[in-house]
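Protein chains in written order, with the working numbering: chain D, 10 to 320; chain W, 224 to 465; chain S, 117 to 420. The next block holds one structure in the form of structure tokens; read it before the comments.
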Amino acid sequence: MASDESAAGGGVIHDIGYRSYDGPRVGRRGIAAALCWQSLRAAFGFGRGAKAKIVPVIAFVIMCTPAVVNAIALALGRSHTPVVKYDTYVNTLRVLVTLLFVAVQAPELVARDLRSRVLPLYFARPIRRHDYPAAKYAAFVLACLAMIDIPVLLLYVGTIFQVHGGGQIWTQTKAMIPGLLIGLMWSLVLAAIGLALASVSGRRAFSTGAVVIFLFLTWTLALVLTRIVQAPVRPVAGLRAHAAVPASAHLFGLISPYTVMDGVRQWLGGTNPGIVANPGKYGIAYGVMLLVFLGVSLGALFARYASVSAS
Amino acid sequence: MSGLLNPVVLRITLRATLGRKRALVFTLVPLVLILITVALKLVAKSPVWPAEFLGAFGFSVVLPLTALIIGTSVLGAEIDDGSIIHLLATPVSRLSVVLSKFVAAVALTVAFGAIPEYLAAVIAKGFGAPLSTGLLAGALVACVGYNALFVMLSLLTARAIAVGLLYLLVWEGLLGNLIGGVRILSVGQYSVSVANAIASTSALNAHLTIQTALIMAALVTVVTLAVATRRLSSFSIKGDAV
Amino acid sequence: MTSGIELRGVTRWYGNVVALNDVSMTVGPGITGLLGPNGAGKTTLLNLMAGFLEPSRGELTVGGRPSWRNPEIFTMLGLVPERDSVYAFLTGYDFVRSTARLHRLPDPDGAARRAIGILDMADAQDRRIATYSKGMRQRIKVAAALVHDPQLLLLDEPFNGMDPRQRLQMMDLLEDMAGQGRTILFSSHILEEVERMSGTIQVVVGGRLAASGDFRAIRRLMTSRPHVFLVRSSSDRALGAALIGRPAVTGVELTPRGLQVRTSDFGTFSRELAGLCRAAGIRLREVLPSDESLESVFSYLVAS
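Rendered as structure tokens:
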């Protein structure tokens, strides 16, 4: 195929119909919203194939199970008040399942972009540097919120079917609202910590490992140490000594985000028994620690994306 | 010289896992374990704390997690970035590759999980104490069983650590405490039962006899490694550009 | 025992997607180029040959034995994979020597040094592979594939990331080895690379084997498309007038570079051209095939 002969010294660009786009363009907000929506979908494995949905689906099903069981128990007349409380739900189950969810899904949001090095592509668009982590954070908060609060709502729905009278329904609603807010607190904190730790590495396995090590170890450590410190010095058979909870027990509760959140819940007036004992006068320390966890994680997350190299 | 273990594979695996800053992370957790043990020894008044702390935290949490991270990465990291093909493009038998990787994983988990656990127990209770011996025995069972399982997982799925975490938290953690039958298929139970048979403490939530535990652990190890070898023999490479 | 690669009716599918469709070929000593666009099935074919994939249908033997689930073939087969991944934390020398030890060579150090020397990587051999450039990584991969002196060598896109000088050196190396009687098969989608190498090509398009043999010979077999020649003579216009009268010529065009002649029958045209010029008193200066490059072979194959 002979090449085209061009006139001496010149070149011709043929108009083959290329047109530039002059229509409306989605601005910063649109880009951030799209990023948020896509990340939200990724958090549940949508758009990634069947295997990506396994963990989110299993986690969600397990989270909803107490709500379903509770509804059935009420329907069968086994109890007249909901066994599962709105604000504490089922403590250990919720801790473990959210831990699993955050550890496995947070890397899906951030590690993949790091691994395939597409960040320069994102930042070559008209968004500011902090829009990216902000969108990711918002998406993951929504995802965790769905994981935690939808079961609470299910619990509510299952319960109000069984109770009679508007007064009862109102009582249930009043009890549910703090539960939803606790869910929001959990989402805000866990999403921040999860994303901050996950953005450390481009390999999903390492990111998951980092999140697991931090969340799981601190939680178990807090529980075990608290239990040890509270154990009676001389074990008295059959007698549960209700000794005053020593200060160290409260302080051990500060090392894990889960125990901190539970402490804050009780400090703010929650009365149902939770993971830790009521912090009492240490409540403010729990409150401060919560803000520290949130602040440090978000700071680290945003700082991570403040400087991105092209390779 | 074609034994079942390939020293070259062992060496490369150990270097790959311990390379760069990762080794520091592996020493962090056992260090925390030992430091807290020392602190507790000095401060704690109740006598049950060693079993509580080393059992509930060290044994049931630190050890499985260490095995998870190490076990899924000895083979998984190479599969993930494709460098496994250099190993597979040699006449080394697939069984040899799997076994060598497995042994490397066990050695690393013993070094970073079982030995610190034992040291902590020794600090807490002394050398001859049943708790120390029990925890060591159980920890060794855990190292073997968990790593066999996780090495197999890394050949079955690209998300081995997620599935492994699912197994640890949901199967062993949640279900194991609720449904009795699950305990027969739980590596955690095997190790805890072995430890408990020697240490006899209620802080370890053991439900199997030592015979059952050892037999099942051996069975699980052999079956998972066989599956892993089979999978590796039919391993196919996906190129970047098709 | 043959030392070549034989495929008979090899088909490979993934669910509904057929990656390779009824491919039969024999790869013997010398250099064979596996040519085809991306997605044609070249990597699938190489993976099948290396025993990393099982043929869904058909037979594939390497050196007389099937390669599937048979790691022993690697005693005589060397593979240079396409992906950039190598053990980055090892030094170049360490990597090659470890490969030598995995091959159970009696003198791994000597073999490693030899292989590294052939690939001219001796200066960099004590640096970690993580510090290598892309071309260096390719070369260290080839060194590792050569360390056990294999009879067969499979290379998947070996010239990726190499600069022209490195490419020429690699080509020379491959030609040397082919000259020693080895069987070398390399895949590429870049036509210039395959064009330069002597030997046969196997063209794979859309999972099918579209053509085998010498590329010029293949080109000549396609008489359905006209050949194009560029002729320079003492009088282009007169020659053009004379040529258009011949049945073998389908078109002439006067261009500043010469007379461009399209012919549907290369054989007849080349026989007649000299006689025609002498009869018309025109002096021929130059006759060049202006499209006998692999490019045209390729696009014709792809287009058809």
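Even glycine gets a Cβ: it sits at the ideal position worked out from N, Cα and C.
Is the shortest distance between the beta-carbon of W:R238 and the beta-carbons of chain S less than 8 Å? Chain S, which has a Cβ nearer than 8 Å to the Cβ of W:R238, makes this yes.
How about S:S249 and S:F275: are their beta carbons less than 8 Å apart? A distance of 8 Å or more separates the beta carbons of S:S249 and S:F275.
Skipping 5 residues on each side, what residues in its chain have a beta carbon closer than 7 Å to that of D:D96? Excluding residues up to 5 positions away in sequence, P187, G188, I191, R274, G279 and N281 lie with their Cβ nearer than 7 Å to the Cβ of D:D96 in the same chain.
Is W:K268 helix, strand or coil when you go by DSSP? If DSSP states are grouped into helix, strand and coil, W:K268 belongs with coil.
What is the DSSP secondary structure of S:H343, reduced to helix, strand or coil? Of the three classes helix, strand and coil, the one that applies to S:H343 here is strand, per DSSP.
Once you ignore the five residues that flank S:D236 on each side, which residues in its own chain have a CB closer than 8 Å to its CB? Same-chain partners within the cutoff: R255 and Q285.
The alpha helix (DSSP H) with W:M439 in it runs from where to where? Going by DSSP, W:M439 is part of the alpha helix (DSSP H) stretching over I433 to S456.
Counting C-beta neighbours from all protein chains within 10 Å, is the total for W:L228 16 or more, i.e. buried, or is it exposed? So W:L228 ends up on the exposed side.
Residue from S:P153, S:G233 and S:I398 whose Cα sits closest to the Cα of S:I306: Taking only the C-alpha atoms, the option nearest S:I306 is S:P153.
Can you list, in chain order, the residues of its chain with a C-beta nearer than 8 Å to that of W:L448? Leave out the 5 residues immediately preceding and following it. If the five residues before and after W:L448 are omitted, its C-beta is found closer than 8 Å to the C-beta atoms of V321, L322, F325, A371, V374 and M375, all from its own chain and listed in chain order.
Give me whichever residues DSSP pairs with S:S349 in a beta bridge. Answer is S:L400.
I need the boundaries of the beta strand (DSSP E) containing S:I317, first residue and last residue. Looking at the DSSP string, the run of the beta strand (DSSP E) that includes S:I317 is T316 to V321.
Identified DSSP bridge partners for S:A327: For S:A327, the beta-bridge partners assigned by DSSP are S:V319.
Taking 7 Å as the cut-off, is the CB of D:Q177 close to at least one heavy atom of the ligand COA? In terms of ligand content, the structure shown is empty, and the ligand COA therefore cannot be addressed.
At least 3 beta-carbon pairs within less than 8 Å: the segment 405–417 of chain W vs the segment 428–445 of chain W: Between the segment 405–417 of chain W and the segment 428–445 of chain W there are three or more inter-stretch CB-CB distances shorter than 8 Å, so the stretches are counted as touching.
Please give the ranges of any alpha helix (DSSP H) in the segment 122–192 of chain S, keeping only runs that are unbroken, at least 4 residues long and fully inside the region. DSSP runs (the alpha helix (DSSP H)) wholly in the segment 122–192 of chain S: 158–165.
By the 10 Å Cβ neighbour count, where 16 or more other Cβ atoms means buried, how is D:A146 classified, buried or exposed? Sequence check: residue 146 of chain D is Tyr here, not Ala. In the assembly as shown, D:Y146 is a buried residue. Its beta-carbon has 16 or more other beta-carbons within 10 Å.
Proximal residues to D:V166 (C-beta, below 7 Å), its chain only, five neighbours per side dropped: None.
Taking C-alpha atoms, which residue in W:S457, W:P287 and W:L233 lies nearest to D:T229? Comparing C-alpha distances from D:T229 to each of W:S457, W:P287 and W:L233 shows the shortest one belongs to W:P287.
Closer than 7 Å by C-beta to S:I147: which residues in its own chain qualify, once you throw out the five before and the five after it? Chain order, please. Once the five neighbours on either side are set aside, the close Cβ partners of S:I147 are L290, E291, A294, I300, M313, S314 and G315.
Roughly how many angstroms separate the alpha carbons of W:L265 and W:L258, rounded to a whole number? Going by the C-alpha atoms only, they are around 11 Å apart.
I want to verify the contact list: residues of chain D whose CB lies under 9 Å from the CB of W:T467, in sequence order. Nothing can be reported for residue 467 of chain W, as the shown portion of chain W is limited to 224 through 465.
Which residue comes first and which comes last in the alpha helix (DSSP H) that contains D:I71? From DSSP, the alpha helix (DSSP H) with D:I71 extends over I63 to A84.
Within the segment 175–250 of chain D, ranges of the alpha helix (DSSP H) (whole runs, at least 4 residues): Listed in chain order, they are 175–207 and 213–239.
From D:R212, D:V221, D:I81 and D:G211, residue whose alpha carbon lies closest to that of D:G203: Answer by Cα proximity: D:V221.
Measure from the alpha carbon of D:P255 to the alpha carbon of each residue in D:G289, D:L224, D:L226 and D:S265, then state which is nearest. If we check each option's Cα against that of D:P255, D:G289 comes out closest.
Taking the continuous alpha helix (DSSP H) assigned at S:R283, which residues delimit it? For S:R283, the enclosing alpha helix (DSSP H) begins and ends at P280 to G295.
Quick one: complete beta strand (DSSP E) runs, 3+ long, within the segment 372–415 of chain W? The qualifying runs do not exist here; there are none.
In the segment 270–283 of chain W, which residues sit with their C-beta less than 7 Å from some C-beta in chain D, listed in chain order? For chain D, the residues of the segment 270–283 of chain W that bring a beta carbon within less than 7 Å of one of its beta carbons are V271, W272, E275, F276, A279 and F280, in chain order.
List the residues of chain D whose Cβ lies closer than 9 Å to the Cβ of W:G406, in chain order. At residue 406 of chain W the sequence reads Arg, which differs from the Gly that was named. Under a criterion of Cβ atoms nearer than 9 Å, no residue of chain D is adjacent to W:R406; the nearest Cβ is some 17 Å distant.
With a Cβ-Cβ cutoff of 8 Å, do S:S201 and W:G305 count as a contact? S:S201 is a Cβ neighbour of W:G305, given a cutoff of 8 Å.
Do you know offhand how far S:G157's Cα is from S:V126's? Their backbone Cα atoms lie some 12 Å apart in a straight line.
In chain S, which residues lie with their C-beta within 8 Å of the C-beta of W:V315? One finds P187 and L218 in chain S with Cβ atoms closer than 8 Å to the Cβ of W:V315, taken in chain order.
Within 8 Å, strictly: CB atoms of S:V344 and S:L270: When the beta-carbon positions are compared, S:V344 and S:L270 stay at least 8 Å from each other.
Name the chain W residues that come within less than 7 Å of D:R236, Cβ to Cβ? Listed by position along chain W, the residues whose Cβ is nearer than 7 Å to that of D:R236 are E275.
Determine, using beta carbons only, whether W:V410 comes closer than 8 Å to chain S. Chain S contact via Cβ: absent.
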